[in-house]
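**Q** What the sequence shown shows, in UniProt numbering, is residues 1 to 543, in sequence order.
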Amino acid sequence: PLWAIIMVTNVFFGPLVISLSFFYATILPSPFTGQMTDLIFAERELVQSLKEYIEAEELKLEAVKSWANKLDMLTHASTSDPEGFLAHPVNAYKLMKRLNTEWSELESLVLQDPSDGFISNMSVHRQNFPDEEDEKGAAKALMRLQDTYKLDSESFSKGKLPGVRYNAQLTVDDCFDMGKLAYNENDYYHSVLWMQQALRQMDSGEDAKTPKADILDYLSYSVYQMGDLSRAIELTRRLVAIDPSHQRAEGNLRYFERLLSKELRDLGRSQQEPADERPIQLDTYERPKDYLPEREVYEALCRGEGVKMTSKRRSRLLCRYQDGNRNPRLLLKPMKEEDEWDSPHIVRFLEALSDEEIKKIKELAKPKLARATVRDPNTGVLTVAHYRVSKSAWLEEEDDPVIARVNQRIEDVTGLSVNTAELLQVANYGVGGQYEPHYDFSRKDEPDAFKSLGTGNRVATFLNYMSDVEAGGATVFPDFGAAFWPRKGTAVFWYNLFKSGEGDYRTRHAACPVLVGSKWVSNKWIHERGQEFRRPCGLTEED
Numbered sequence: 001p002l003w004a005i006i007m008v009t010n011v012f013f014g015p016l017v018i019s020l021s022f023f024y025a026t027i028l029p030s031p032f033t034g035q036m037t038d039l040i041f042a043e044r045e046l047v048q049s050l051k052e053y054i055e056a057e058e059l060k061l062e063a064v065k066s067w068a069n070k071l072d073m074l075t076h077a078s079t080s081d082p083e084g085f086l087a088h089p090v091n092a093y094k095l096m097k098r099l100n101t102e103w104s105e106l107e108s109l110v111l112q113d114p115s116d117g118f119i120s121n122m123s124v125h126r127q128n129f130p131d132e133e134d135e136k137g138a139a140k141a142l143m144r145l146q147d148t149y150k151l152d153s154e155s156f157s158k159g160k161l162p163g164v165r166y167n168a169q170l171t172v173d174d175c176f177d178m179g180k181l182a183y184n185e186n187d188y189y190h191s192v193l194w195m196q197q198a199l200r201q202m203d204s205g206e207d208a209k210t211p212k213a214d215i216l217d218y219l220s221y222s223v224y225q226m227g228d229l230s231r232a233i234e235l236t237r238r239l240v241a242i243d244p245s246h247q248r249a250e251g252n253l254r255y256f257e258r259l260l261s262k263e264l265r266d267l268g269r270s271q272q273e274p275a276d277e278r279p280i281q282l283d284t285y286e287r288p289k290d291y292l293p294e295r296e297v298y299e300a301l302c303r304g305e306g307v308k309m310t311s312k313r314r315s316r317l318l319c320r321y322q323d324g325n326r327n328p329r330l331l332l333k334p335m336k337e338e339d340e341w342d343s344p345h346i347v348r349f350l351e352a353l354s355d356e357e358i359k360k361i362k363e364l365a366k367p368k369l370a371r372a373t374v375r376d377p378n379t380g381v382l383t384v385a386h387y388r389v390s391k392s393a394w395l396e397e398e399d400d401p402v403i404a405r406v407n408q409r410i411e412d413v414t415g416l417s418v419n420t421a422e423l424l425q426v427a428n429y430g431v432g433g434q435y436e437p438h439y440d441f442s443r444k445d446e447p448d449a450f451k452s453l454g455t456g457n458r459v460a461t462f463l464n465y466m467s468d469v470e471a472g473g474a475t476v477f478p479d480f481g482a483a484f485w486p487r488k489g490t491a492v493f494w495y496n497l498f499k500s501g502e503g504d505y506r507t508r509h510a511a512c513p514v515l516v517g518s519k520w521v522s523n524k525w526i527h528e529r530g531q532e533f534r535r536p537c538g539l540t541e542e543d
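(1) Put T420 into one of helix, strand or coil per three-state DSSP.
(2) Have a look at A232, P486 and G472 and flag the residue whose alpha-carbon is nearest the alpha-carbon of L145.
(3) What does the Cβ neighbour count give for R534, buried or exposed, with the cut at 16 atoms within 10 Å?
(4) Expressed to the nearest angstrom, what Euclidean distance is found between the alpha-carbon atoms of A493 and A460?
(5) Report, in whole angstroms, the separation of the C-beta atoms of A141 and T171, which I expect to be a contact under 8 Å.
(6) Give a yes or no on contact between the region 349–356 and the region 495–508, applying the rule of three or more CB pairs nearer than 8 Å.
(7) If we require 3 or more residues per run, which beta strand (DSSP E) segments fall completely within the UniProt domain "Fe2OG dioxygenase" (420–528)?
(8) Below 9 Å between beta carbons: does that hold for residue 561 and E294?
(9) Can you tell me whether DSSP reads F533 as helix, strand or coil?
(10) With 16 as the cutoff for other CB atoms within 10 Å, does P513 come out buried or exposed?
(11) Helix, strand or coil, according to DSSP, for R156 in the structure here?
(12) Could you give the DSSP three-state label for Q408: helix, strand or coil?
(13) By a C-beta neighbour count over all protein chains shown, 10 Å radius and 16 as the cutoff for buried, is residue 544 buried or exposed?
(14) Please identify the residue among R443, A474 and T420 whose C-alpha is closest to the C-alpha of L453.
(15) Where does I280 fall in DSSP's three states?
(16) Using the C-alpha atoms, what's the distance from I346 back to A427?
(17) Candidates G415, R238, K360 and R508: which alpha carbon is nearest M466's?
(18) Since Y439 contacts T507 with CB under 8 Å, what's their CB separation in whole angstroms?
(19) Would you say S222 and V192 are within 9 Å of each other, going by their C-beta atoms?
(20) Between I233 and E257, how many whole angstroms is the CB-CB distance? I'm expecting something under 8 Å.
(21) Which runs of the alpha helix (DSSP H) at least 4 residues long sit entirely within the region 207–262? Give them in chain order.
(22) Counting only the same chain and skipping the five closest in sequence on each side, list residues whose C-beta sits under 6 Å from that of T148.
(23) Kindly indicate which three-state DSSP category E398 falls into: helix, strand or coil?
(24) Using DSSP with H/G/I as helix, E/B as strand and the rest coil, what is S343?
(25) Compute the distance between the beta-carbons of S518 and V418, then report whether it is under 9 Å.
(26) Should V402 go down as buried or exposed, given a rule of 16 or more other Cβ atoms within 10 Å for buried?
(27) Sort out for me which residues DSSP pairs M335 with in a bridge.
(28) Can you give me the start and stop residues for the alpha helix (DSSP H) that N186 sits inside?
(29) Please report how far the alpha carbon of P447 lies from the alpha carbon of E422, in whole angstroms.
(30) Measure how close the beta-carbons of Q322 and V413 come, nearest whole angstrom, since I'm counting them as under 8 Å.
(31) Is the Cβ-Cβ distance between L395 and A365 less than 9 Å?
(32) Just tell me which of Q225, V124, L253 and Q247 has its CA closest to the CA of R238.
(33) According to DSSP, simplified to helix, strand and coil, what is L142?
(34) For the alpha helix (DSSP H) containing D116, list its first residue and its last residue.
(35) Let me know the secondary structure DSSP gives R200 once reduced to three states.
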């Protein structure tokens, strides 16, 4: 509405690697956007320091070169007539002086190391540099985006992404490293996609440090692992052609050909069909299934597909001014409220946070941001989880008056007490950051999830959007096909429990990966205790 109204791969066939884990079982977090911004400025400072070092080295070399040129002319004259040269007393004196003093000064100049300042600066910044795990996490984030938004490797390699303001491209070596990382994790599906892209760019004439034989080696074995023997044979033949002495290629080729012959005999065919010469695309091979049953529905909603918003449903959605049942704090300025979904009822509050409040909340959260956690359903202890990739911080009312003001506003517009609610949680999702489908409430098989809090289950969720997102980052509900996109300053609210206290399993939801931009949210999980008279118990299980 408008308000106008650990395993080793087969060493005989593929490049030898040690597998660290199954690809989907470990999704590593990348630094949150604030940290990444700091790294941008740190890199700029290092570039300036490097330029100063180069300038110092050039000045040093100019001084040494000037000295060498002067002595070159002098020694040319002295060596042509040594006795005549030394017959002049001044020349004799200056020779003694040069060898005793000036050459020592030159030695000191040569031994000077202008790199000290640069090395010192590097040492200061290095402690904040990303490590190998961070680099792997960033690579996996690209693959996660590739899967969710059905983007081929070329889209990433050429920087063809929606909403981008800056162009960034991947080289052959970048694509090879992406494919190698996937290969090392036994993720042959993504290894094929990225090795194929590396080969495509190299075949088009792009220079690279990576030998073509290495790309073909990884690609042919990955294609074999995907069950495409014909293409594996064709690629291995290319490898043998450019590197006949390759230690595995000939053996692999014979092995692949024997497998294919056996396969043809089993099918009652005498000869193989020509290898598919079409480029490998996202849909060439089937993406392996993983642990998430609603993966396809979830990712489709993230792309804006499969949203079950019918015209009949839309006609039931209204907008209104919410005064919190004539709450004194909302009488003069009621909150604008829009229905986002009818059943379960989900609403969006407009102007829930001001720009000044958002700025302050971010400022308070940034020093506290750490890898986001989830509550272990068995122990009730907060722990990190592979399906939640973001940074979060918890803010108390004592941190700043703005937190108390926001908490009070949530209580006023929802009519629920926040005295037993959890602290305000602030989360930042950088590129690739996500929270896969989950429930906010604890289920019957998780009786101890919130036992330590002593405040009952999570009855409702109030989610503030504190930024716009250029692409991606929607909040989706796979069960009933809803998708809500972030709008800065707004908030969405829903009940996780029926009035009976039973969990509403339709509210399983997810935060889609951020494709372009940075997503900031803050949420308040409101608990059952204290709501006895504000939201009385219903008479049936699904009241």
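Think of the CB as a built atom: it goes at the ideal place given N, C-alpha and C, for glycine as much as any other residue.
**A** Taking the coordinates as given:
(1) By one-based count along the sequence shown, residue 420 stands at place 420. Three-state result, T420: coil.
(2) On the sequence shown, residue 145 is found 145 positions in, with the first residue counted as 1. Looking at the Cα atoms, G472 is the closest of the given residues.
(3) Counted from its first residue, the sequence shown places residue 534 at position 534. Flag for R534 reads exposed.
(4) Here residue 493 refers to the residue found at position 493 of the sequence shown. Here residue 460 refers to the residue found at position 460 of the sequence shown. In the sequence as displayed, the identity of residue 493 is Phe instead of Ala. F493 and A460: Cα-Cα distance of roughly 7 Å.
(5) Taking the sequence shown and counting its residues from 1, the one referred to as residue 141 is at position 141. Taking the sequence shown and counting its residues from 1, the one referred to as residue 171 is at position 171. Not confirmed; about 19 Å, so no contact.
(6) Verdict: no, contact absent.
(7) For the UniProt domain "Fe2OG dioxygenase" (420–528), whole beta strand (DSSP E) runs of length 3 or above, ordered along the chain, are 424–429, 434–438, 458–465, 475–477, 482–484, 491–495, 509–511, 514–516 and 519–527.
(8) Lying before the first or after the last residue shown, residue 561 is absent from the chain, which here runs from 1 to 543.
(9) Taking the sequence shown and counting its residues from 1, the one referred to as residue 533 is at position 533. Coil, per DSSP.
(10) The count along the sequence shown starts at 1 and reaches residue 513 at position 513. Label assigned to P513: buried.
(11) If you number the sequence shown from 1, residue 156 lands on position 156. For the sequence presented, residue 156 should be read as Phe rather than Arg. Helix at F156.
(12) On the sequence shown, position 408 is the one that residue 408 refers to. Correct three-state label for Q408: helix.
(13) Because the chain spans 1 through 543 in this model, residue 544 falls outside it and cannot be assessed.
(14) The residue you call residue 453 lines up with position 453 of the sequence shown. For L453, the closest alpha carbon among the candidates R443, A474 and T420 is that of T420.
(15) The sequence position of residue 280 within the sequence shown is 280, counting from 1. Three-state DSSP puts I280 in coil, outside helix and strand.
(16) Counting from one through the sequence shown, the residue named residue 427 turns up at place 427. Counting from one through the sequence shown, the residue named residue 346 turns up at place 346. Spanning the two alpha carbons is a distance of roughly 21 Å.
(17) Stepping through the sequence shown from its first residue, residue 466 is reached at position 466. Nearest C-alpha to M466: K360.
(18) In the sequence shown, residue 439 corresponds to position 439, counting from 1. In the sequence shown, residue 507 corresponds to position 507, counting from 1. About 7 Å; that satisfies the 8 Å criterion.
(19) Residue numbering aside, residue 222 sits at position 222 when the sequence shown is read from its first letter. Residue numbering aside, residue 192 sits at position 192 when the sequence shown is read from its first letter. For S222 and V192, yes; Cβs fall inside 9 Å.
(20) Position 233 of the sequence shown, counted from the first residue, corresponds to residue 233. Position 257 of the sequence shown, counted from the first residue, corresponds to residue 257. That belief holds up - the Cβ atoms of I233 and E257 are roughly 6 Å apart, short of 8 Å.
(21) With a minimum length of 4 residues, the continuous alpha helix (DSSP H) runs that stay inside the region 207–262 are 212–225 and 229–242.
(22) The residue given as residue 148 occupies position 148 in the sequence shown. Take T148, set aside five residues on each side of it, and the residues of its chain with a beta-carbon closer than 6 Å to its own are E299, C302 and P513, in chain order.
(23) For the purposes of this step, residue 398 is taken as residue 398 along the sequence shown, with counting starting at 1. It is helical.
(24) Taking the first residue of the sequence shown as 1, we reach residue 343 at position 343. Of the three classes helix, strand and coil, the one that applies to S343 here is coil, per DSSP.
(25) On the sequence shown, residue 518 is found 518 positions in, with the first residue counted as 1. On the sequence shown, residue 418 is found 418 positions in, with the first residue counted as 1. Contact annotation: S518 and V418 have beta-carbon atoms that are not nearer than 9 Å.
(26) In the sequence shown, counting from the first residue as 1, residue 402 sits at position 402. Its Cβ being crowded by 16 or more others within 10 Å, V402 is buried.
(27) To locate residue 335, count along the sequence shown from 1; it is residue 335. Paired residue(s): Q322.
(28) Taking the sequence shown and counting its residues from 1, one reaches residue 186 at position 186. Note, N186: premise wrong, no alpha helix (DSSP H); not H, not E.
(29) In the sequence shown, residue 447 corresponds to position 447, counting from 1. In the sequence shown, residue 422 corresponds to position 422, counting from 1. Roughly 18 Å separates the two Cα atoms.
(30) One-based indexing of the sequence shown puts residue 322 at position 322. One-based indexing of the sequence shown puts residue 413 at position 413. Beta-carbon to beta-carbon, Q322 and V413 are separated by about 6 Å, close enough to satisfy the 8 Å threshold.
(31) Your numbering for residue 395 matches position 395 in the sequence shown. Your numbering for residue 365 matches position 365 in the sequence shown. Yes; because the gap between Cβ atoms is below 9 Å, this pair is in contact.
(32) Here residue 238 refers to the residue found at position 238 when the sequence shown is read from its first residue. The alpha carbon of R238 has as its nearest neighbour, out of Q225, V124, L253 and Q247, the alpha carbon of L253.
(33) As a working mapping, residue 142 is identified with position 142 in the sequence shown. If DSSP states are grouped into helix, strand and coil, L142 belongs with the helices.
(34) In the sequence shown, counting from the first residue as 1, residue 116 sits at position 116. For D116, the enclosing alpha helix (DSSP H) starts and ends at D116 to R126.
(35) In the sequence shown, residue 200 corresponds to position 200, counting from 1. Reduced to three states, the DSSP call for R200 is helix.
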